[in-house]
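Participant: As they're listed, the protein sequences go chains B, P and X. The first sequence begins at 3 in the numbering used here and counts up by one. The second sequence begins at 342 in the numbering used here and counts up by one. The third sequence begins at 2 in the numbering used here and counts up by one. A single structure is presented below for examination.
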Amino acid sequence: MSRKWLLDNQGLFFMAPAMILFFVFVLYPIFYIFNASMYDWDGINEAVYIGVQNYIEMFTDDRSFALSIRNSIYWAFLTIFPQMFLGFILAYILTSGIPLQNAFRVIFFMPAIVSPVVLGIIWQRIYAPFGGLLADLAWETGARFLMQPYLSDPKIAIFSTIAVNVWQWTGFSMLMYVAGLQGLPGEVLSAAEVDGAGTLQRIRYIVVPMLRHVHLTLILLGVIGTLQTFALVFMLTKGGPNHATEMLPTYIFLKAFPLQSMGYASAVAVVLLVIALGASIFQVSVLGSRFTIGN
Amino acid sequence: MKLNTRKALAFIFVSVLALLWMVPIIMMLVVSFMPPDQRAPRFGGLLISGVSLQNYVTVFEDAEIVMHFVNSVAVTVPSVFLVVIISSLAAFALARLKFFARDLWFYLLIMTLMLPIPTLVVPIFQINKALGLNDSYLGLILPYTALGVPFAIVILRSFFAGFLREIEEAAILDGCAPFGIYWRIMMPVSWPAVAVVIIWQFMTSWNEFILALVTMNSVEVKPLTLVPLVYSGQFMMRPGPMFAILTLITLPVILVYYLMQRFMVSGLTAGAVRG
Amino acid sequence: MYRKVTLAVFVLLILVLTAPALAQDEVVVRFRSWSPVIATTEAMIEAFNAENPDIRIEPDITNYPEYLVDLQTMAAGGALPDLIGLEPGALTQQYRDHLMPLQDCAVATWGEDWEAQFFPVGIEQARLGNPEGDDNIYGLPVLVQTINMWYTVPIFEEAGVEPPTTYDELKELADMFNAQGIAPVMIGAGDGWIRRDVYMQLIHNVAPGLIYQAEDGMASFTDDAFVEAMTWWKRLFDDGIFQMGALGMTHYPAAVEQIQGGRAAMFPMGAWWQQQAANPNPPPLDQNLAGYAPFKFPDVTGMGAPEDLLGGIDVMLGVTRDSANPDAACKVITDWISGAGAQALINTYNDLPAYIGLRPASFGSENQEAVWDLFTEEWLASVQYARQLKSPDVKQALEDALAAVAAGEMTPAEGMQLVQDANSM
Numbered sequence: 003m004s005r006k007w008l009l010d011n012q013g014l015f016f017m018a019p020a021m022i023l024f025f026v027f028v029l030y031p032i033f034y035i036f037n038a039s040m041y042d043w044d045g046i047n048e049a050v051y052i053g054v055q056n057y058i059e060m061f062t063d064d065r066s067f068a069l070s071i072r073n074s075i076y077w078a079f080l081t082i083f084p085q086m087f088l089g090f091i092l093a094y095i096l097t098s099g100i101p102l103q104n105a106f107r108v109i110f111f112m113p114a115i116v117s118p119v120v121l122g123i124i125w126q127r128i129y130a131p132f133g134g135l136l137a138d139l140a141w142e143t144g145a146r147f148l149m150q151p152y153l154s155d156p157k158i159a160i161f162s163t164i165a166v167n168v169w170q171w172t173g174f175s176m177l178m179y180v181a182g183l184q185g186l187p188g189e190v191l192s193a194a195e196v197d198g199a200g201t202l203q204r205i206r207y208i209v210v211p212m213l214r215h216v217h218l219t220l221i222l223l224g225v226i227g228t229l230q231t232f233a234l235v236f237m238l239t240k241g242g243p244n245h246a247t248e249m250l251p252t253y254i255f256l257k258a259f260p261l262q263s264m265g266y267a268s269a270v271a272v273v274l275l276v277i278a279l280g281a282s283i284f285q286v287s288v289l290g291s292r293f294t295i296g297n
Numbered sequence: 342m343k344l345n346t347r348k349a350l351a352f353i354f355v356s357v358l359a360l361l362w363m364v365p366i367i368m369m370l371v372v373s374f375m376p377p378d379q380r381a382p383r384f385g386g387l388l389i390s391g392v393s394l395q396n397y398v399t400v401f402e403d404a405e406i407v408m409h410f411v412n413s414v415a416v417t418v419p420s421v422f423l424v425v426i427i428s429s430l431a432a433f434a435l436a437r438l439k440f441f442a443r444d445l446w447f448y449l450l451i452m453t454l455m456l457p458i459p460t461l462v463v464p465i466f467q468i469n470k471a472l473g474l475n476d477s478y479l480g481l482i483l484p485y486t487a488l489g490v491p492f493a494i495v496i497l498r499s500f501f502a503g504f505l506r507e508i509e510e511a512a513i514l515d516g517c518a519p520f521g522i523y524w525r526i527m528m529p530v531s532w533p534a535v536a537v538v539i540i541w542q543f544m545t546s547w548n549e550f551i552l553a554l555v556t557m558n559s560v561e562v563k564p565l566t567l568v569p570l571v572y573s574g575q576f577m578m579r580p581g582p583m584f585a586i587l588t589l590i591t592l593p594v595i596l597v598y599y600l601m602q603r604f605m606v607s608g609l610t611a612g613a614v615r616g
Numbered sequence: 002m003y004r005k006v007t008l009a010v011f012v013l014l015i016l017v018l019t020a021p022a023l024a025q026d027e028v029v030v031r032f033r034s035w036s037p038v039i040a041t042t043e044a045m046i047e048a049f050n051a052e053n054p055d056i057r058i059e060p061d062i063t064n065y066p067e068y069l070v071d072l073q074t075m076a077a078g079g080a081l082p083d084l085i086g087l088e089p090g091a092l093t094q095q096y097r098d099h100l101m102p103l104q105d106c107a108v109a110t111w112g113e114d115w116e117a118q119f120f121p122v123g124i125e126q127a128r129l130g131n132p133e134g135d136d137n138i139y140g141l142p143v144l145v146q147t148i149n150m151w152y153t154v155p156i157f158e159e160a161g162v163e164p165p166t167t168y169d170e171l172k173e174l175a176d177m178f179n180a181q182g183i184a185p186v187m188i189g190a191g192d193g194w195i196r197r198d199v200y201m202q203l204i205h206n207v208a209p210g211l212i213y214q215a216e217d218g219m220a221s222f223t224d225d226a227f228v229e230a231m232t233w234w235k236r237l238f239d240d241g242i243f244q245m246g247a248l249g250m251t252h253y254p255a256a257v258e259q260i261q262g263g264r265a266a267m268f269p270m271g272a273w274w275q276q277q278a279a280n281p282n283p284p285p286l287d288q289n290l291a292g293y294a295p296f297k298f299p300d301v302t303g304m305g306a307p308e309d310l311l312g313g314i315d316v317m318l319g320v321t322r323d324s325a326n327p328d329a330a331c332k333v334i335t336d337w338i339s340g341a342g343a344q345a346l347i348n349t350y351n352d353l354p355a356y357i358g359l360r361p362a363s364f365g366s367e368n369q370e371a372v373w374d375l376f377t378e379e380w381l382a383s384v385q386y387a388r389q390l391k392s393p394d395v396k397q398a399l400e401d402a403l404a405a406v407a408a409g410e411m412t413p414a415e416g417m418q419l420v421q422d423a424n425s426m
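This is how it looks when you write it as structure tokens:
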């Protein structure tokens with residue numbers, strides 16, 4: 003390597019620390035799980051090579067895996083869009099100059115920074131069918147519709163879990179929109195007002211389109227969040243009842259540790275990885291690499 | 342006049358919603374002040390009969406909260422620091438310099454934006470073991486940094502990319518090397534974006550627990566998030582102390598957010614301006 | 002001269018840095034488990050160290066699910082601690098190749114007839130799942146238990162009723178308690194293990210011993226008896242025997258908190274429930290175990306309740322092959338089973354001792370002592386069958402099936418088919 007080459011490629015030195023960490027703590031683990039996915043292995047004793055058998059079983063005869071995929075799809079749609087919608091409304095109100103708006107922003111954002119371990123334990127008490135907040139409220143006020151088998155009915159449980167996630171992350175969406183709204187040039191809005199456009203029209207035809215980058219960022223973060231969902235489900239339902247709230251990471255955990263099938267768990271992890279790659283590539287190809295805040 | 346009614350309505354709407362929003366957090370606080378021999382409070386814990394500080398006393402006596410707190414800080418702060426330095430260097434290069442296979446590096450990095458930690462626990466443990474890092478702060482700092490860097494790069498790169506070429510060119514004419522441009526020109530005005538990175542990384546490092554569980558063997562080095570798991574056999578059945586612990590875990594993150602939130606909004610805004 | 006000084010400083014520095022390592026001639030035994038809880042473990046260590054000050058024990062206690070992750074990660078990395086907590090069956094078998102046979106340690110401590118000094122169920126289960134011809138003991142039982150029902154004494158006294166022995170009595174009580182807003186049978190059926198515990202008692206009522214034959218392939222999980230037990234399980238939900246929403250609640254801590262708060266008339270649990278008495282700041286019902294009494298699972302099927310209870314090992318301890326100090330580890334284990342450490346453990350009523358003849362130093366009430374005697378003298382001696390199953394896959398399938406049937410997603414027959422499928426894999 004000549005001196006000139008190095009001078010022309012100084013960027014590599016800037017990249018070096020990131021890349022070293024990346025190779026050691028990200029790339030190697032990926033190869034490791036890829037390799038492990040080809041074995042029948044309990045994680046401790048000798049592994050038996052079985053080729054793609056784990057993958058075949060996963061896609062042909064694994065209800066829990068299918069449920070985790072279904073739940074991930076539910077999760078992506080039912081967290082991302084409600085969070086954006088609610089977040090936008092809050093952001094719009096909280097940039098309109100009402101009293102205490104900074105305090106309100108802090109309040110709505112707060113759940114986003116609390117550990118999911120903590121939230122899981124608290125929300126169990128809210129949903130608890132016996133002595134829980136909602137159940138007691140229903141009992142005392144006669145609002146019986148509040149008394150639902152939130153976490154015990156396999157048909158409802160995933161939505162109850164998603165609701166917690168929406169509660170947790172709406173504040174984050176709000177904050178992103180607050181930032182976006184504050185960045186909008188004021189003339190645009192006042193010009194529209196002079197034109198006599200009503201509030202709703204103004205929002206719909208001017209504000210929302212101008213916040214395109216915020217929408218896209220939130221979708222990206224929402225997809226990341228969906229694929230990484232672990233702690234909240236683990237603490238709230240352990241993936242139950244009967245795997246009704248299983249997500250890919252919780253299923254990987256269940257297989258790898260309590261069920262002693264590290265090989266199979268690795269295969270599920272590889273699938274998750276491929277989905278993640280696909281999502282990343284999709285994001286990049288649709289949005290270019292300019293897919294975060296601004297620019 | 343019409344505008345004021347509207348604002349008043351908006352204010353009421355937001356107030357009610359905010360109150361509802363706070364219920365879980367309030368519940369956590371209330372239960373943590375419940376007298377220790379009380380059980381099954383009404384409304385999941387929103388109503389208690391009597392207030393007591395005993396739970397906090399118990400927690401501080403039985404679990405070395407201060408020690409675990411220090412451990413959390415010793416893991417979180419360096420990982421935040423490293424993420425900021427490492428990712429800003431890389432983001433600067435990716436945004437402003439030309440070099441060999443630049444786009445390839447970037448795509449490689451963002452591909453791992455979505456890696457969930459539970460899938461990587463076993464291999465990371467083995468790497469740490471090979472490097473002799475288990476049971477040490479570095480055993481968490483390095484993986485947290487590695488996993489946090491891609492997201493931070495994405496944030497900072499788009500921020501750096503928004504700078505005007507002219508300033509940079511003027512600096513080059515003045516004989517400023519790329520590192521000088523990065524360190525003396527870009528970084529000092531990038532605090533809004535850096536604030537976003539700091540908050541995000543602080544949250545993830547502070548709250549992570551699966552990797553911490555397998556990496557930290559000795560009680561002396563366990564971070565605060567492990568406390569409910571380590572002591573839950575003991576505290577699980579005593580909701581008061583349990584919720585006192587939960588409160589103690591939560592307060593520092595809220596504090597950091599509170600201190601940084603001014604920068605957070607302006608950081609995000611600064612990014613969004615260039616939409 | 003200058004270089005000599007530098008060298009001297011350097012050597013001194015190395016000495017200072019390595020001094021603690023050199024000075025350390027005490028033996029270290031690292032211990033990891035999910036049970037007993039940390040406070041009890043510390044009391045046991047203290048008791049042990051009073052007699053063996055030269056052995057330092059480093060404990061690390063985590064919740065069971067997290068413990069499994071911890072153990073497996075360390076085993077994969079070849080870094081197991083000296084002493085690990087084990088469950089009989091699947092967990093012990095998974096780690097068998099990493100565990101040292103302990104019978105020599107046992108003989109050296111208790112003599113040739115050491116097995117006779119333990120409750121038989123403990124010894125039998127310690128070998129659960131060993132391959133044909135392997136009689137090694139890979140873990141020594143520390144605590145044993147039965148599974149059974151408990152009732153809340155003041156609630157029963159106020160209602161003027163007795164614990165039920167048949168399904169009709171159970172149903173009658175349930176209707177009464179439901180009307181009062183009290184959970185008839187409080188179960189946190191969101192936890193798989195408690196679902197399984199209740200089912201094990203149901204199938205034990207229908208056909209004692211059959212489930213173990215099915216595990217070995219000598220019977221099918223789809224046989225009528227299993228489906229019938231599953232049908233009873235479903236009825237417990239449908240008839241309001243279990244409290245509403247039971248499937249969405251954890252047994253620990255959610256159900257327990259309600260039990261302690263006096264909102265449960267009866268509940269499935271086990272001998273370990275006695276440990277409530279040792280918790281600091283106990284709620285009134287827990288104090289000296291004043292508020293609770295055990296009873297046998299009612300004869301719901303009407304086929305006659307079996308005399309014996311299900312039970313087994315609560316926790317056993319194994320010494321890993323990685324251990325640098327197996328002798329010290331043996332010393333610790335045996336002390337915790339029958340020595341000063343064991344006494345410290347039993348004093349917390351954590352569960353029943355596997356070693357015959359140990360007794361807590363004191364009881365807080367007559368009720369508590371009577372309960373202890375009932376467990377150790379009558380119930381534990383009757384145990385013939387295990388509470389646990391051998392294969393983790395069958396266990397998981399059964400727990401899934403129980404949840405699915407309870408939720409109405411599967412019929413009892415479909416549920417048992419799921420279990421059979423898992424067993425034949």
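Note that CB positions come from ideal geometry on N, CA and C, so glycine has one too.
1. Consider the Cβ of P:M583: report whether some Cβ of chain X lies at a distance smaller than 9 Å.
2. What are the start and end residues of each continuous alpha helix (DSSP H) run of 4 or more residues lying completely inside the segment 203-272 of chain X, in chain order?
3. Per DSSP, X:D312 is paired with what?
4. Take the Cβ of X:V420 as the centre, count every other Cβ of all protein chains shown within 10 Å, and call the residue buried at 16 or more, exposed below.
5. So X:Y293 is in the beta strand (DSSP E); what residue range does that whole segment cover?
6. In chain order, what residues of the segment 253-266 of chain X put their CB closer than 8 Å to some CB of chain P?
7. Does any residue of chain P bring its CB to less than 9 Å from the CB of X:L23?
8. So if I threshold CB-CB distances at 8 Å, which residues from the segment 67-95 of chain B count as touching chain P?
9. My understanding is that X:T377 touches X:L346, with C-beta atoms under 8 Å, so please give their C-beta distance in whole angstroms.
10. Is it buried or exposed, X:A22, if we count other Cβ atoms within 10 angstroms and call 16 or more buried?
11. Could you please give the first and the last residue of the uninterrupted alpha helix (DSSP H) stretch that includes X:P185?
12. Using 10 angstroms around the beta-carbon of X:E88, count the other beta-carbons present and answer buried if the total reaches 16, otherwise exposed.
13. Thinking P:G480 and P:T556 are a contact (beta carbons under 8 Å), I'd like their distance in whole angstroms, please.
14. What are the boundary residues of the beta strand (DSSP E) that X:L87 is part of?
15. What does P:V421 touch in chain X if you count any residue whose Cβ is under 9 Å from its own?
16. How many whole angstroms separate the CB atoms of P:L308 and X:T63, which I take to be in contact at a CB cut-off of 8 Å?
17. In angstroms, rounded to a whole number, what distance separates the CA positions of B:S263 and B:V180?
18. Starting from the C-beta of X:G312, find all residues in its chain whose C-beta is less than 7 Å away, skip the five residues before and the five after it, and write them out in chain order.
19. May I have a chain-ordered list of the alpha helix (DSSP H) segments no shorter than 4 residues that lie completely inside the segment 116-181 of chain X?
20. Taking C-beta to C-beta, are X:S339 and X:T110 nearer than 9 Å?
21. Please confirm whether X:M231 has its beta-carbon closer than 9 Å to some beta-carbon of chain B.
22. For a quick check, are the C-beta atoms of X:R264 and B:G133 less than 9 Å apart?
23. Do you know how far the Cα of X:L141 is from the Cα of X:W1?
24. If you compare alpha carbons, which of P:L589, P:T545 and P:Y448 is closest to B:G280?
25. Would you mind stating whether X:M75 and X:L81 have Cβ atoms separated by less than 9 Å?
26. Can you list the residues of chain P that X:D71 reaches, using a CB-CB cut of under 7 Å?
27. Just to make sure I have the definition right: I need the residues of chain B whose C-beta is within less than 9 Å of the C-beta of X:G90. Which are they?
28. With 8 Å as the C-beta to C-beta threshold (strictly closer), list the residues of the segment 395-408 of chain P near chain D in chain order.
29. Based on DSSP bridge pairs, tell me the residues matched to X:T321.
Facilitator: Per the coordinate set shown:
1. yes
2. Restricted to the segment 203-272 of chain X, the alpha helix (DSSP H) segments that are unbroken, complete and at least 4 residues in length are 211-216, 225-239 and 257-261, listed in chain order.
3. Asp is not the amino acid found at residue 312 of chain X; the sequence shown has Gly there. X:T147 and X:A387, per the DSSP bridge assignment.
4. Within a 10 Å sphere around the beta-carbon of X:V420 sit 16 or more other beta-carbons, which makes this residue buried.
5. Y293 to F296
6. Y253, P254, V257, E258, Q259, Q261, G262, G263 and R264
7. For X:L23, the predicted model reports a pLDDT of 43, less than 50, meaning its position is unreliable; a value from the coordinates is still stated below. False, the Cβ-Cβ gap to chain P never drops below 9 Å.
8. L92 and I95
9. Wrong, their Cβ atoms sit about 14 Å apart, outside the cutoff.
10. No answer about X:A22 holds up, because its pLDDT of 43 lies below 50 and its placement is not dependable.
11. It is not in any alpha helix (DSSP H) - X:P185 instead sits in the beta strand (DSSP E) that spans A184 to V186.
12. buried
13. So it is a contact: roughly 5 Å between Cβ atoms.
14. L84 to L87
15. Near P:V421 there are no residues of chain X at all, since even the closest Cβ is about 25 Å away, more than 9 Å.
16. No information on residue 308 of chain P is available, as it lies outside the stretch 342 to 616 that chain P covers here.
17. 46 Å
18. V122, V145, Q146, T147, I148, L381, V384 and R388
19. 121-127, 154-160 and 168-180
20. yes
21. no
22. yes
23. Outside the shown range of chain X (2 to 426) lies residue 1 of chain X, about which nothing can therefore be said.
24. P:Y448
25. yes
26. Think of a sphere of 7 Å around the beta carbon of X:D71: the chain P residues whose beta carbon falls inside it are L554 and V555, in chain order.
27. Simply none; closest approach about 12 Å.
28. Of the protein chains in the structure, B, P and X, none is chain D.
29. X:L100
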